[in-house]
Amino acid sequence: MKKRVWAIALLMATLAAAGAFMVWRDLYRPFRGYQGNAILVIAPGTHAWDVASIFTSRGILAHRWPFLFRYWLGRSRHRLRAGEYLFDRPLSPADVYRKLILGDVFLHAVVIPEGSDRFDTARIFQQQLELNPQEFLQVSERSAAIRDLDPQAPTLEGYLFPDTYRFPRGVSVETVISAMLTRFRHVLAGKLAQSGRGPGVRLHEVVTLASMVEKETPAPGERPVIAGIFARRLAKGMALQCDPTVVYAARLHQRPIGPITEQDLNINSPYNTYRYSGLPPGPICNPGEASLAAALQPAQGNTLYFVSNGHGGHVFARTLAEHQSNVARYRKALAALRREVGSNTRRVERGSPPQNHRENKAKNPSVKSAQDSLQKTGHP
């Protein structure tokens, strides 16, 4: 009798061990039944059974029961989190379960270029994360979040630091803006330490100046020089005559603007630095690190004017006469370029390829670049 009991017990133990091994094997065995990457969205309130069904139908899991078994073991302590999940490698049911209870959701990389203003930023987040642009603009008009840094700030313009951010689908506008402001504070602290400027720095003026410098030149080496020119003009009571402030004034008035005309220079806005002296009421874009550094430490010198050189940089001058000579030289070169491009265009329209097309393309900027540069001929 005892032998029979022992035999049954041994059989039961063997079966249990075999069952446990099978459970362990299926629970921790990686599986991949899909090609490339798979992104799945788990909506809030989705039941575990439905989650398992979604995973098996998309090839994330081979079977439902190992995942559901693991969920059943931990259901009193953990919950599955909704969100957008990326699967790019074989995972076991235990790994999939862990991913969902940790909320390891897919983060979208969103690049905000330096010099983007609030309107650009709202559009980018709408395209990348489907955020409501009007809500973004409304929240970015509330300057209370940076009142400790800049009591004069009319909006958050200038403080939404341009960088690469990673956010999950469904993130709130408030979370996005908070992250950008936090990044600005971090960068600012580093730049203040490098410049040796103390806590008494007038941040409103610094960020406003940095935003203008950011819009004026893409060349990092020119930014301290241009910051110095603006600083000297302010000290002398001269108008800043910064074209990007005119463009920003037009944006605030919801007025489209192309190459700046004499009519544009008369826009009645405090942001129009052709019509109103001094700095504009606030930043006109969100500057990057190089422009903030330039505004904190403008270059010394005696130049007061600059004009585009037609190749992405500028020619600087100390006197108005010298500046006018530079402007005339630039306009002459631009007119020659337009004639050359127009001649090539007519030749193409007649069916003949432009002569030295490859050389022309390498040596000269495009018509659009030339037109963009022409906007800078009226600079200080």
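Note that the sequence shown covers residues 851 to 1230 in this note's numbering. Even for Gly, the Cβ is constructed at its ideal location relative to N, Cα and C. None of the values given here were measured: they were computed from a predicted structure.
Residues near residue i by beta carbon distance below 7 angstroms, same chain, minus five either side
i: leucine 979; result: His958, Val960, Phe1017, Arg1019, Val1021
i: isoleucine 1079; result: Thr1153, Leu1154, Phe1156, Pro1230
i: arginine 1073; result: Val1063, Thr1067, Ala1140, Ser1141, Ala1144
i: arginine 908; result: Tyr884, Ala888, Leu890
i: alanine 1029; result: Tyr1015
i: asparagine 1024; result: The displayed chain sequence assigns glutamate, not asparagine, to residue 1024. So the qualifying residues of the chain are Val989.
i: tyrosine 947; result: Phe917, Arg920, Tyr921
i: glutamate 985; result: Val1023
Nearest to residue i (by Cα), restricted to the options the options
i: glycine 965; options: His1173, Phe1156, Glu1064; result: Glu1064
i: glycine 1151; options: Arg1083, Ala1186, Arg1181, Ala898; result: Arg1083
i: glycine 1138; options: Leu1129, Ile962, Glu1055, Ile1027; result: Ile962
i: glutamate 934; options: Pro1094, Gly953, Leu918, Tyr921; result: Gly953
i: serine 1127; options: Ala1089, Leu1010, His1036, Pro1148; result: Ala1089
i: proline 916; options: Asp970, Phe881, Phe986; result: Phe881
i: proline 1070; options: Gln1174, Ala1149, Ile889, Leu941; result: Ala1149
i: glutamate 1112; options: Tyr1124, Pro1106, Trp899, Leu1102; result: Tyr1124
i: leucine 918; options: Asp900, Ala932, Arg927; result: Asp900
i: alanine 898; options: Val1026, Arg920, Ile1027; result: Arg920
i: aspartate 1000; options: His1173, Leu1031, Val1026, Ala972; result: Leu1031
i: valine 1057; options: Phe1011, Ala902, Gln1091, Arg925; result: Phe1011
i: phenylalanine 969; options: Cys1135, Gln1174, Gly886; result: Cys1135
i: leucine 923; options: Glu1172, Leu936, Ala944; result: Ala944
i: leucine 930; options: Gly895, Leu936, Ile910, Phe937; result: Gly895
Beta-bridge pairing of residue i - partner residues as DSSP gives them
i: threonine 1014; result: Val961
i: phenylalanine 1156; result: Phe1166
i: leucine 1115; result: Bridge partners of leucine 1115: none, in fact.
i: leucine 941; result: Phe881
Extent of the continuous alpha helix (DSSP H) run through residue i
i: leucine 1042; result: 1023-1045
i: glutamine 885; result: Careful: glutamine 885 lies outside any alpha helix (DSSP H) and carries neither H nor E.
i: alanine 1145; result: 1139-1146
i: valine 1057; result: 1053-1066
i: phenylalanine 956; result: Where phenylalanine 956 is concerned, there is no enclosing alpha helix (DSSP H), given that its DSSP letter is neither H nor E.
i: isoleucine 1107; result: No alpha helix (DSSP H) holds isoleucine 1107; DSSP gives it neither H nor E.
i: isoleucine 910; result: First-last for isoleucine 910: undefined, no H or E at that position.
i: glutamine 1002; result: Looking at the DSSP string, glutamine 1002 is not in any alpha helix (DSSP H), and its letter there is neither H nor E.
i: proline 1133; result: Careful: proline 1133 lies outside any alpha helix (DSSP H) and carries neither H nor E.
i: glycine 895; result: Where glycine 895 is concerned, there is no enclosing alpha helix (DSSP H), given that its DSSP letter is neither H nor E.
i: arginine 1082; result: 1073-1086
i: alanine 1149; result: Element bounds for alanine 1149: n/a, residue is neither H nor E.
i: alanine 972; result: 968-979
Through-space distance from residue j to residue i, alpha-carbon basis
i: proline 1120; j: valine 1097; result: 12 angstroms
i: proline 1068; j: serine 1141; result: 10 angstroms
i: asparagine 1118; j: aspartate 1013; result: 33 angstroms
i: alanine 1100; j: proline 1004; result: 17 angstroms
i: aspartate 967; j: serine 1061; result: 9 angstroms
i: glutamate 1209; j: alanine 932; result: Per-residue confidence for glutamate 1209 stands at a pLDDT of 32, beneath the threshold of 50, marking its modelled position as unreliable; the derived number appears in the next sentence. Cα to Cα, the separation comes out at about 56 angstroms.
i: asparagine 1116; j: threonine 1095; result: 12 angstroms
i: proline 1131; j: leucine 1053; result: 13 angstroms
i: arginine 1105; j: valine 1191; result: 30 angstroms
i: glycine 1008; j: histidine 928; result: 42 angstroms
i: isoleucine 996; j: valine 1026; result: 15 angstroms
i: phenylalanine 1034; j: alanine 912; result: 46 angstroms
i: glutamine 1147; j: leucine 1129; result: 17 angstroms
i: valine 955; j: leucine 1187; result: 52 angstroms
i: arginine 939; j: serine 993; result: 44 angstroms
i: glutamine 1002; j: proline 1109; result: 31 angstroms
i: histidine 1161; j: alanine 1185; result: 15 angstroms
i: serine 1202; j: isoleucine 1107; result: The predicted model places serine 1202 with a pLDDT of 44, which falls under 50 and marks its position as unreliable; any figure quoted below should be read in that light. Rounded to whole angstroms, serine 1202 to isoleucine 1107 spans 35 angstroms at the Cα level.
i: lysine 1041; j: leucine 981; result: 31 angstroms
i: leucine 950; j: leucine 1059; result: 47 angstroms
i: leucine 1038; j: glutamine 1044; result: 10 angstroms
i: aspartate 876; j: leucine 1006; result: 53 angstroms
i: proline 1133; j: glycine 1163; result: 22 angstroms
i: alanine 972; j: alanine 1171; result: 43 angstroms
i: glutamine 1091; j: histidine 1036; result: 32 angstroms
i: leucine 1102; j: aspartate 998; result: 25 angstroms
i: alanine 1167; j: leucine 987; result: 39 angstroms
Neighbourhood of residue i by C-beta, 6 angstroms cutoff - its chain only, sequence neighbours within 5 removed
i: valine 1165; result: Val1157, Asn1159, Asn1176
i: threonine 906; result: Arg914
i: arginine 879; result: Ser942
i: alanine 1085; result: none
i: glutamine 976; result: Pro983
i: valine 1075; result: Ala1149
Span of the beta strand (DSSP E) around residue i
i: isoleucine 889; result: 888-892
i: tyrosine 935; result: 933-937
Close-in-space but distant-in-sequence residues of the same chain around residue i (CB under 8 angstroms, 5 per side omitted)
i: threonine 1227; result: Confidence in threonine 1227 is poor, its pLDDT being 42 and thus under 50, which makes the residue's placement too unreliable to answer from.
i: glycine 1087; result: Ser1127
i: serine 903; result: Arg914
i: alanine 1251; result: In the structure displayed, the chain extends from 851 to 1230; residue 1251 sits before or after that span and is not available.
i: valine 1051; result: Leu1042, Leu1146
Contact with chain C by residue i, beta-carbon distance below 8 angstroms
i: proline 1001; result: The chain inventory of the structure shown lacks chain C, comprising one protein chain alone.
Near the ligand MN: residue i beta-carbon under 7 angstroms from a heavy atom
i: serine 993; result: For the structure depicted, the ligand MN is absent and the ligand set is empty, with no information on it obtainable.
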